[in-house]
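Going letter by letter, the sequence shown gives residues 7 to 568 in this note's numbering.
We treat Cβ as the ideally placed atom computed from N, Cα and C, and that holds for glycine.
Here the structure is a predicted model, which is why all the values come from computation and not from measurement.
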Amino acid sequence: MSLDTDVIDLHSPLTLACGQILPNRVMKAALSEGLSTAEHGPDSRLETLYRQWGAGGYGLVVTGNVMVDRSHLGEPGNVVIEDDRDRDALARWAKATSDGGAPIWMQLNHPGRQANPLVTRSKPVAPSAIAPNIPGIPAPRALSENEIHEIIGRFATAAAVAETAGFDGVQIHGAHGYLVSQFLSPLSNRRDDTWGGDLDGRMRFVLEVVRAIRAAVSPSFAVGIKLNSADFQRGGFSEEESRITVEHLVRESIDLIEISGGSYESPAMMGTASTRDREAYFLEYARTVRDAAGAVPLAVTGGFRTRSVMSSAVRSGECDMVGLGRPTALAPAVASSLVDGTLDRVESPRVALRVPSMAGAFKQINGALDLQWHTDQLQLIGAGQQPNSSRPAWKTAATMMQRNGWDAFRNRRSAARTDTSAAVAKFRRERWIGKHIANPIVNGLTSIGVRTSLVTDIETVGRKSGLRRQVPVSAVFDDTGAWLISQHGTRSGWGANITDEPRIRLRAGTRWLTGTATFVPDDDVALRARTFSNNPVLGRLIEAGFRALQTDPISVRVEFDV
Numbered sequence: 007m008s009l010d011t012d013v014i015d016l017h018s019p020l021t022l023a024c025g026q027i028l029p030n031r032v033m034k035a036a037l038s039e040g041l042s043t044a045e046h047g048p049d050s051r052l053e054t055l056y057r058q059w060g061a062g063g064y065g066l067v068v069t070g071n072v073m074v075d076r077s078h079l080g081e082p083g084n085v086v087i088e089d090d091r092d093r094d095a096l097a098r099w100a101k102a103t104s105d106g107g108a109p110i111w112m113q114l115n116h117p118g119r120q121a122n123p124l125v126t127r128s129k130p131v132a133p134s135a136i137a138p139n140i141p142g143i144p145a146p147r148a149l150s151e152n153e154i155h156e157i158i159g160r161f162a163t164a165a166a167v168a169e170t171a172g173f174d175g176v177q178i179h180g181a182h183g184y185l186v187s188q189f190l191s192p193l194s195n196r197r198d199d200t201w202g203g204d205l206d207g208r209m210r211f212v213l214e215v216v217r218a219i220r221a222a223v224s225p226s227f228a229v230g231i232k233l234n235s236a237d238f239q240r241g242g243f244s245e246e247e248s249r250i251t252v253e254h255l256v257r258e259s260i261d262l263i264e265i266s267g268g269s270y271e272s273p274a275m276m277g278t279a280s281t282r283d284r285e286a287y288f289l290e291y292a293r294t295v296r297d298a299a300g301a302v303p304l305a306v307t308g309g310f311r312t313r314s315v316m317s318s319a320v321r322s323g324e325c326d327m328v329g330l331g332r333p334t335a336l337a338p339a340v341a342s343s344l345v346d347g348t349l350d351r352v353e354s355p356r357v358a359l360r361v362p363s364m365a366g367a368f369k370q371i372n373g374a375l376d377l378q379w380h381t382d383q384l385q386l387i388g389a390g391q392q393p394n395s396s397r398p399a400w401k402t403a404a405t406m407m408q409r410n411g412w413d414a415f416r417n418r419r420s421a422a423r424t425d426t427s428a429a430v431a432k433f434r435r436e437r438w439i440g441k442h443i444a445n446p447i448v449n450g451l452t453s454i455g456v457r458t459s460l461v462t463d464i465e466t467v468g469r470k471s472g473l474r475r476q477v478p479v480s481a482v483f484d485d486t487g488a489w490l491i492s493q494h495g496t497r498s499g500w501g502a503n504i505t506d507e508p509r510i511r512l513r514a515g516t517r518w519l520t521g522t523a524t525f526v527p528d529d530d531v532a533l534r535a536r537t538f539s540n541n542p543v544l545g546r547l548i549e550a551g552f553r554a555l556q557t558d559p560i561s562v563r564v565e566f567d568v
């Protein structure tokens with residue numbers, strides 16, 4: 007970084023360790039655009055959007071998170087890089103930005119347990135099999151040693167492809183509760199091997215990702231990281247642990263560290279009311295980590311709104327770059343006016359549904375609504391239109407529903423409180439629906455040639471009573487047995503029964519077949535459910551239904567007696 011601190015201001019260039027020179031100190035921070043093609047390549051709308059940011063006067067433009075595995079997506083519309091199949095489109099994306107004079111870095115990410123169930127076709131993975139406190143997100147399975155190494159390799163491959171496509175660097179997303187952050191947090195990483203335990207073990211994943219990327223790219227290619235100052239959860243990744251992690255990262259040839267914070271369980275990055283009372287709400291932490299970072303430049307994103315505060319932060323050395331996110335969605339060229347001193351304040355409206363003050367459940371979703379509203383602005387720009395600052399919140403709410411389902415509006419706290427009587431009522435209601443609605447519908451479909459084995463009956467032995475019990479189940483038969491789906495996994499009544507006594511009877515038409523049932527937790531439940539019908543429309547409907555369940559369904563394999 008530059009040592010001439012006496013004259014540093016927003017317009018000052020910044021020299022990185024890799025030799026790259028950023029033209030000024032204003033960074034366009036990562037914003038999720040949701041603008042991939044159906045195959046998760048870069049859509050031409052990204053070129054339209056980034057052409058404006060590239061000419062917007064920024065010292066650095068960072069893309070929204072690009073996923074390294076198409077089996078695990080964070081949001082609908084994520085771009086994915088697994089190989090160089092989309093290199094031409096990636097090159098056009100990079101060139102659209104750099105033609106305007108701004109360097110462009112690609113943010114690389116793996117969602118881990120925060121994978122979006124609507125667009126992720128595999129069971130989520132994480133350091134440990136611990137579910138996040140996010141409605142609609144199922145419990146993940148723990149990664150094996152080989153899978154951890156594979157994901158590290160995926161980050162390296164994506165970085166190498168980005169370099170060949172003309173990007174100037176990559177930023178590892180190590181914040182906001184995604185996979186890198188999950189490894190760092192003791193709440194989500196409870197492994198007892200060398201990838202978990204104390205901070206040294208929990209840091210290993212991110213350090214190996216940095217090393218793998220560095221080995222895959224040229225020395226002049228920039229490698230940065232976005233890191234949480236803390237995840238703001240009791241017993242989670244703390245500011246002290248974050249500072250120690252920074253000390254280790256600076257030994258790995260990191261070029262820039264961006265400071266952020268929170269996760270979707272504790273969303274400080276969404277700018278909730280408590281953090282909007284002051285500007286630059288992660289700047290205080292940046293002051294404490296300045297010595298740990300040494301010569302590695304720090305960028306701080308979150309809450310900057312006035313030029314005076316931005317300039318003061320850079321002049322004082324508290325940070326080296328100022329990151330702007332949501333303001334750039336309404337004013338893509340805002341950096342130019344900040345750098346030349348013609349703008350004193352940037353605007354970013356707080357978007358919220360107008361509901362009565364007592365409607366606590368609605369208050370919980372306004373942070374997510376605000377993020378989606380700004381994503382809508384990006385999609386307008388990508389479509390060649392102007393951003394619309396007067397876009398109603400209800401339209402964004404409809405977009406959230408379309409992209410993410412009803413879970414986008416579910417209250418985390420109320421979802422976490424499951425009343426026993428409500429659970430019993432829910433089970434009885436589901437059984438009634440199965441007997442009086444689902445079965446007649448299935449029979450009607452079968453009569454017109456649309457086959458489905460979605461509803462049948464299983465007989466198990468009660469683990470407490472010892473009595474035989476018959477309940478409706480989802481199943482599809484083959485030559486040697488059948489696949490079932492236990493909607494509530496091992497917590498359902500019959501699921502708990504077969505855990506104790508796997509010998510069961512299954513109804514096949516008018517016959518009862520005897521066999522042995524075994525849980526198969528690694529099977530993809532949603533894809534399995536699609537096979538329950540020979541009708542592609544009905545099959546997709548069944549698949550979507552299981553993807554949307556607010557439970558932890560598990561596939562069950564039954565092998566019939568010979």
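> Taking all protein chains shown into account, do 16 or more other C-beta atoms lie within 10 angstroms of the C-beta of T21, making it buried, or fewer, making it exposed?
Replying inline: Classification for T21: exposed.
>> What does the Cβ neighbour count give for T524, buried or exposed, with the cut at 16 atoms within 10 Å?
In response: Result: exposed.
> Short check: CB of F211 to CB of P133, under 9 Å?
Replying inline: yes
> Among Q26, V252, N115, which residue has its Cα nearest to the Cα of I158?
Replying inline: N115
> Helix, strand or coil: how does DSSP classify D485 here?
Replying inline: DSSP, reduced to helix, strand and coil, places D485 outside both helices and strands of the structure shown, so it counts as coil.
>> Can you tell me whether A301 is buried or exposed? The criterion is at least 16 other CB atoms within 10 Å of its CB, across all chains shown.
In response: exposed
> Rounded to a whole number of angstroms, what is the C-alpha to C-alpha distance between N152 and W201?
Replying inline: The straight-line gap from Cα to Cα measures roughly 12 Å.
> For W379, which residues of its own chain have a beta-carbon under 6 Å away from its beta-carbon, when the five flanking residues on both sides are left out?
Replying inline: Once the five neighbours on either side are set aside, the close Cβ partners of W379 are V357, T402.
> If we count the other Cβ atoms within 10 Å of its Cβ and call it buried at 16 or more, is C24 buried or exposed?
Replying inline: buried
> Between which two residues does the alpha helix (DSSP H) harbouring A572 extend?
Replying inline: Residue 572 cannot be examined here, being either before or after the span of the chain that is shown, 7 to 568.
>> Pull the bridge partners of M316 from the DSSP assignment, please.
In response: M316 is not bridged to any residue.
>> Under 8 Å: do the stretch 312-320 and the stretch 242-261 share three or more Cβ pairs, one atom per stretch?
In response: Here the stretch 312-320 makes no contact with the stretch 242-261; the two share fewer than three CB pairs at distances below 8 Å.
> Quick one: complete beta strand (DSSP E) runs, 3+ long, within the stretch 203-241?
Replying inline: 228-234
>> Could you give the first and the last residue of the continuous beta strand (DSSP E) run that contains N115?
In response: From DSSP, the beta strand (DSSP E) with N115 extends over 110-115.
> Does the stretch 85-99 come within contact of the stretch 143-151, defined as at least 3 CB pairs closer than 8 Å?
Replying inline: no
>> Given this structure, state the Cα-to-Cα distance separating V477 from W500, to the nearest angstrom.
In response: 8 Å
> Would you call the CB atoms of S266 and T307 closer than 9 Å?
Replying inline: yes
> To which residues of the same chain is L185 closer than 6 Å at the C-beta, ignoring the five residues directly before and after it?
Replying inline: H116, G118
> Contact between the stretch 326-343 and the stretch 26-35: three or more CB pairs below 8 Å?
Replying inline: Under the 8 Å Cβ criterion, the stretch 326-343 counts as touching the stretch 26-35, having at least three qualifying pairs.
> Where does L544 sit, in a helix, a strand or coil, going by DSSP?
Replying inline: In this prediction, L544 scores a pLDDT of 48, lower than 50, which makes its location untrustworthy; no coordinate-derived value is stated.
> If you drop the 5 nearest sequence neighbours on each side, which residues of the same chain put their C-beta closer than 6 Å to that of T103?
Replying inline: Y56, G60, V67, I110
> Span of the alpha helix (DSSP H) holding G499?
Replying inline: Start and end: 499-506.
> From S396 to R160, what does the alpha carbon distance come to, in whole angstroms?
Replying inline: 41 Å
> By how many angstroms is the C-alpha of P527 removed from the C-alpha of V564?
Replying inline: 14 Å
> What are the partner residues of A523, as DSSP defines its beta bridges?
Replying inline: V564
>> Just to check my reading of the structure: L473 and A488 have Cβ atoms closer than 8 Å, yes? What is that Cβ distance to the nearest angstrom?
In response: The Cβ separation is near 23 Å, so there is no contact.
> Taking the beta strand (DSSP E) that L304 falls in, what are its first and last residues?
Replying inline: Taken as a continuous stretch (DSSP letters only), the beta strand (DSSP E) holding L304 covers 304-307.
> Which residues share a DSSP beta bridge with E264?
Replying inline: K232, A305
> For the alpha helix (DSSP H) that R509 lies in, which residues bound it at each end?
Replying inline: Element bounds for R509: not the alpha helix (DSSP H) but the beta strand (DSSP E), 509-514.
> Within this structure, are the beta carbons of Q82 and L124 separated by less than 9 Å?
Replying inline: Just to set this straight, residue 82 is Pro in the shown sequence, not Gln. Yes, Cβ-Cβ distance for P82 and L124 is below 9 Å.
> Based on the DSSP output, what are the partners of A132 in its beta bridges?
Replying inline: DSSP output for A132 lists A148 as bridge partner(s).
>> I'd like the list of long-range same chain contacts for G366, defined as Cβ closer than 6 Å, with 5 residues on each side in sequence excluded.
In response: With a pLDDT of 42 at G366, under the threshold of 50, the predicted position of this residue should be treated as unreliable, though the coordinate-derived value follows. Result list for G366: empty, nothing under 6 Å.
> Does any CB atom of chain D fall closer than 9 Å to the CB of Q120?
Replying inline: The chain labelled as chain D is not found in the depicted structure, where only one protein chain is given.
> Can you pull the DSSP bridge partners for W518?
Replying inline: R513
> From what residue to what residue does the beta strand (DSSP E) around L330 run?
Replying inline: For L330, the enclosing beta strand (DSSP E) starts and ends at 327-330.
> What residues in its chain sit with their C-beta under 7 Å from that of A422, if we drop five residues either side in the sequence?
Replying inline: Residue placement at A422 is flagged as unreliable, the pLDDT there being 35, under the threshold of 50; the coordinate-derived value follows with that caveat. For A422, where only same-chain residues beyond five positions count, the Cβ hits under 7 Å are N139.
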